[in-house]
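First comes the structure, then the notes that go with it.
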């Protein structure tokens, strides 16, 4: 292949061992010069690698091989036929979410999220949130442990654990899913077009503090959180055709 590849690995022993074996067998380039990245680790490391690309503003396709635990975002591990696998790989483009927060103290921050943005109570007391979709307040008061907005790629992660819906890749939808909701008693979430902007206002933010988390990065003591898709940046994940991400997401609906 004429494509310049970079190789990155998590700090797990099994990933480091795999990295050494691949470096002996194939040619690699520095990540700043690469057209493609091969990542060794688990789903958490895949998210770290994608976030690092967003921070550097140098985004290229990434092909993961599982040297972690679940490895939902990864391909199977193998030393053999890497060139052929990369040539055959099916590409999926995903746009991250953009989380904009304002804290109680007035500090502002903007963070990307590939899987989900979640709001979580910080103390033993439940959170109280006002929820706005677009320009309409859809919930005057949501009393809960938290709430999240998930992308299709992230719908099988935290969102699924919170009993949220699985969203097909390419569906142009987001899941709005409560975490242990208390009031409204029967509200179990909503499916929204990915063009919708969702805004959360924390009610009683001092008495009932709330943190906001974009994938793995947290902002504490938030007053407001706004979540929208960021179409200015597009990430590309590569999968073996027989183990592609869209098929995995679909099949998750049939796992008992």
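Residue numbers (the working numbering): 5 to 260.
All C-beta atoms in this analysis are idealised placements derived from N, C-alpha and C, irrespective of residue type, glycine included.
Worksheet entry | Under 8 Å between C-beta atoms of residue 101 and residue 121 | yes
Practice prompt. Determine the DSSP secondary structure at residue 239, reduced to helix, strand or coil.
Written response: strand
Discussion item. Closest to residue 172 by C-alpha separation, out of 198, 150, 191 and 165, would be which residue?
Written reply: 198
Worksheet entry | Other residues of its chain near residue 245: CB distance less than 8 Å, five sequence neighbours each side excluded | 92, 93 and 94
Discussion item. Which same chain residues end up closer than 6 Å to residue 242 when comparing Cβ atoms and leaving out the 5 residues on each side of it in sequence?
Written reply: 65, 67, 93 and 95
Discussion item. Whole angstroms are fine: how far does the CA of residue 50 sit from the CA of residue 213?
Written reply: 30 Å
Worksheet entry | Assumed close pair residue 12, residue 43 - CB separation to whole angstroms, cut-off 8 Å | 5 Å
Worksheet item: In chain order, what residues of the same chain lie with their CB nearer than 6 Å to the CB of residue 248, ignoring the 5 residues before and after it?
Response: 94
Practice prompt. May I have the straight-line CA-CA distance separating residue 160 from residue 166, to the nearest angstrom?
Written response: 10 Å
Fill in: Among 187, 191 and 175, nearest to residue 181 - alpha-carbon criterion
191
Fill in: 8 Å Cβ cutoff met for residue 154 and residue 179
yes
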